[in-house]
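Protein chains: 2
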Amino acid sequence: MTLQPATPAFLDTLRDRLPAAAFREAEERHLTEPRGRFRGTGLLLAPSSTEEVAAILRACAAARVPVVPHGGGTGLVGGQVVAEGIAPVILSLARMDRVRAVHPSENVMVAEAGVILAEAQAAAARAGRLFPLSLASEGSARIGGLLATNAGGTQVIRYGNARALCLGVEAVTAQGEIWHGLSRLRKDNAGYDLRDLLIGSEGTLGIITAAALRLVQPPAGVGVALLAVPSPAAALDLLGLAQGRFGDAVQGFELMGRMGFDFLEETGLGASPLAPRPDWSVLVELGLPEGLDPQAALERLFEEGSERGFVADGVLAASEAQAAALWDLRERIPEANRRIGSVSSHDISLPLSEIAPFIPEAEAALAALGPFRVNCFGHLGDGNLHFNVFARRGVDRAAHDALRGRVKELVHDLVHARGGSVAAEHGVGRLKVADLERYGDPVKLQMMRAVKAALDPQGLLNPGAVLRAS
Amino acid sequence: MTLQPATPAFLDTLRDRLPAAAFREAEERHLTEPRGRFRGTGLLLAPSSTEEVAAILRACAAARVPVVPHGGGTGLVGGQVVAEGIAPVILSLARMDRVRAVHPSENVMVAEAGVILAEAQAAAARAGRLFPLSLASEGSARIGGLLATNAGGTQVIRYGNARALCLGVEAVTAQGEIWHGLSRLRKDNAGYDLRDLLIGSEGTLGIITAAALRLVQPPAGVGVALLAVPSPAAALDLLGLAQGRFGDAVQGFELMGRMGFDFLEETGLGASPLAPRPDWSVLVELGLPEGLDPQAALERLFEEGSERGFVADGVLAASEAQAAALWDLRERIPEANRRIGSVSSHDISLPLSEIAPFIPEAEAALAALGPFRVNCFGHLGDGNLHFNVFARRGVDRAAHDALRGRVKELVHDLVHARGGSVAAEHGVGRLKVADLERYGDPVKLQMMRAVKAALDPQGLLNPGAVLRAS
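Just so you know, the sequences run in chain order B and U. Here the first sequence stands for residues 1 to 470, numbered as in full-length UniProt numbering. Here the second sequence stands for residues 1 to 470, numbered as in full-length UniProt numbering.
So this is what it looks like as structure tokens:
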């Protein structure tokens, strides 16, 4: 059952089954990933149809050649590059980039795996609808990868992760067979939920080639405010207040620590609209039904929040442009982080009531380890924090190379002890395989391995991602 | 690998591992199901803890004795009774009926499998929260069964199926191991989504013993109206209009054909508040944020719907009692159906844009087959219809016994041809195993069998449900 490397000779065996356009040289972007931790190997194939994907998988299965699916390449955990072991076929879905259908009366869109998120959003908008998945990499990330990693983003609090926006998938199995599962149904209990099994499996159980996606009617009015809060605990109280008043109309609730604004100023990427820079602030977005004025609603939230001590200061966007500018500040924080360069980044989630105690606990534990700076920000409504650790200003992060493993373990141990996850929205990829082994429930891991062996008995699909290659 | 029947001698081997209270006589309700199509066999065990469930499963695995989990016994497709083959252990979860925790600040509740839905709703309400799963059998159905069947109901349009309300599960495997997966996290991409694999698998892949459930803050105001519409197509136009105005605040949208009111009057269970009885009507419920008056919102919807020709008549509930009375009428339709006795009932779903053409098509095809009455009603917003076929008034349904199979096949074939599902919210159970084989995607079925064999290699768990016992 030994895997065989993808070679030019193997690709040649496919020339009678695939058009010439499917054969392309792998580019640098197919072999690297944004954080620079992994460098991939392999030979590229870029099919333009589901049938071509199936033909490739059948050939790979027969020759025992592994396959790594490749979408926009924006993943942050190395799931898109096979860095060790046998050179795979890099299966780019980028040429499968058609929006096959938009059904506005059903609030459904059918898009191929290679459709870029921003294009899916635009196709929905042209039909008067909203595809409510939104994240920093939406200009490059593609539908297939977004589903394979169950991507999150800034509107999860209202609309859920990518999983919640998918009604059906078309997928190719490790044996090269096509599952025609592009259901546009909102209720279907005919058999096991294999759609959700594939979603989030990071290309290790099957290759998603297209999906039926859920659209919504856009809210009648949208308002945005940046509110300074005394503490993360107050931010959570404010969230409860907002949801009590407006329910799921609370569609964005992003926590930002002061370090985020410090980093924006340090890198010249932006400045806090509140002075002095608040220790903690939240970016609140309301998407309200007809008849309610978002500005007035946010003003009321500000006033009532102030009375109760949950809000200390704030700025309400008076126009769409101002709202976009507030979001833009929030979206630039990851870029500021990249420019400064983290010692260790942590994509964690916690039960909501564990967040307030976790933050000072983790900061104190890190302080005992070394002179670090922490930029803690994220999707508070989902309990999802990006808790990223940096060297002090003027100190190169390389000075802390020896401590990186210890920093990560310290943060992850504290998260795990509070019932949290160390792989909240970015997935496991290759970066967190050992973390999953360390923190994952052993019975769940055993079930995962059994499912993997059942659906991909030769271990062809993205070997080494999520689960250690056997 | 032959299975062995559950015998008193086998149960005796468990007496040193289980307290005496776990040994009970099976009652009639453990051996029957509401539609009377299947009669079960087996011996009852009623554990009161997850550890006891695990001990039973370990013993069953060692002795190759099959197990059928039993919750409230309200399932409509025979998933809860093993009617053929080897007598199983009937594993009642009814004694595991504790709400383990309510976390209002997190909008989370942890409940054991045996908690009755109405009690879960009440526990949430006591904490000022809503557990938004609501269906006719909520006074008997239990959390474990609701999750095992991914139950639907009347608020799916806003809050999703049972699946969407579950953050984590604790479950016991076919080998008798405990998966501690009671995550209270809203984002967790640490590994495969086995939670959703177990949800909807009808007890064939593992036994859910407890779940972390999603709560919401109740909407500030709720309004209900019964609106007569000229046609199902107009009802869908009205749905689009309502969602454009109020988004996900549209939390109920039930279609009712005139036959529903005819049946209520025929059985003495109720009467149409609109005269003459409308051919088609919809029960609309809005759950609005603070600042919007539900009455006024429904009046506006009525007026604008009337102007556009989507609404012909209507009654708006002026009080909570009136709202409850309208819902009560809707909820009595299944009881009226039962009293009249259907020739064949169909729990189907369709892409929304297929509903309007499907209904007259199916009615015409049935009329060609015989003199039937059709009661078509259901959760229009989800594309989920209960399309139930009855004999004409005064004719015993037994007169059509010979046609039953043909009626079902006719309806299901038309549903399938339009991309619909013949197992929308009730599941597959034993009733629809052959339907799944007939209409299911063959590659998906193959993957399902592989997953079943991987997680339950001896075929112990609810043999014959969902998939034919091998």
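All C-beta atoms, glycine included, are put in the ideal place defined by N, C-alpha and C. Computed from a predicted structure; not experimentally measured.
Per the coordinates, the alpha-carbon of residue 118 of chain B lies some 8 Å from the alpha-carbon of residue 140 of chain B. Proximity to residue 436 of chain B across B:464, B:460, B:216 peaks at B:464, based on C-alpha coordinates.
For residue 70 of chain B, the three-state secondary structure derived from DSSP is strand.
When C-alpha distances from residue 182 of chain U are compared across B:470, B:426, B:420, the shortest belongs to B:420. Within chain U, the residues whose beta carbon sits less than 9 Å from that of residue 173 of chain B are 443, 446, 447, listed in sequence order.
Within 8 Å of the CB of residue 4 of chain U, no CB atom of chain B is found; the nearest one sits about 23 Å away.
If you ignore the 5 residues before and after residue 78 of chain B, its C-beta comes within less than 7 Å of the C-beta of 33, 37, 38, 429, 430, 431, all in its own chain and listed in chain order.
One finds 349, 350, 351, 383, 419, 420, 421, 424 in chain B with Cβ atoms closer than 8 Å to the Cβ of residue 185 of chain U, taken in chain order.
Within the segment 285 to 327 of chain B, the complete alpha helix (DSSP H) segments of 4 residues or longer fall at 294 to 307, listed in chain order. In terms of Cβ geometry, residue 178 of chain U and residue 51 of chain U form a close pair [threshold 9 Å].
Around residue 180 of chain B, the beta-carbon contacts reaching into chain U at under 7 Å are 441. Sequence-ordered contacts of the segment 128 to 149 of chain B with chain U read 128, 149 [C-beta pairs closer than 9 Å]. With respect to chain U, the C-beta atom of residue 34 of chain B has no partner C-beta closer than 9 Å. The residue from B:306, B:335, B:422 with its alpha-carbon nearest to that of residue 347 of chain B is B:422. Cβ contact annotation for residue 366 of chain B (same chain, cutoff 8 Å, sequence separation greater than five): 372, 374, 389, 407, 410, 411, in chain order. Contact between the segment 439 to 449 of chain U and the segment 377 to 395 of chain U is not established, with fewer than three Cβ pairs separated by less than 8 Å. Here residue 4 of chain B is exposed, its C-beta having fewer than 16 other C-beta atoms within 10 Å. Boundaries of the alpha helix (DSSP H) around residue 266 of chain U: 258 to 266. In the DSSP annotation of this structure, the continuous segment of the beta strand (DSSP E) that includes residue 180 of chain B starts and ends at 178 to 181. One thing to note: residue 343 of chain B has its Cβ within 9 Å of the Cβ of residue 400 of chain B. Of the candidates U:154, U:120, U:311, U:426, U:154 places its Cα closest to the Cα of residue 135 of chain U.
For the options B:302, B:320, B:308, the alpha carbon positioned closest to that of residue 314 of chain B is the one of B:302. Contact between residue 91 of chain B and residue 68 of chain B is confirmed by a C-beta separation of about 7 Å, below the 8 Å threshold. When CB distances to chain U are screened at a threshold of 7 Å, the residues of the segment 194 to 210 of chain B falling below it are 194, 196, 197, 199, 200, 201, in chain order.
With the rule of 3 Cβ pairs closer than 8 Å, the segment 271 to 286 of chain U counts as touching the segment 216 to 232 of chain U. DSSP, read as helix, strand or coil, puts residue 92 of chain U in strand. Distance from the CA atom of residue 462 of chain B to the CA atom of residue 205 of chain U, rounded to whole angstroms, is 25 Å. The beta carbons of residue 193 of chain U and residue 196 of chain B sit about 5 Å from each other, so the pair counts as a contact at 8 Å. Less than 9 Å divides the Cβ of residue 217 of chain B from the Cβ of residue 130 of chain B.
One Cα belongs to residue 309 of chain U, the other to residue 241 of chain U, and the distance between them is close to 12 Å. Here the alpha carbons of residue 174 of chain B and residue 424 of chain U stand approximately 29 Å from one another. Under the three-state reduction of DSSP output, residue 404 of chain B falls in the helix class.
Taking 8 Å as the Cβ-Cβ cut-off, the segment 233 to 256 of chain U approaches chain B at 236, 240, 243, 244, 245, 246, 247, 248, 249, given in chain order.
In the DSSP assignment, residue 358 of chain U falls within the alpha helix (DSSP H) that extends over 352 to 369. Interface flag for residue 73 of chain B against chain U is unset, since no Cβ pair is found closer than 9 Å.
Taking a 10 Å sphere around the C-beta of residue 349 of chain B, we find 16 or more other C-beta atoms and assign the residue as buried.
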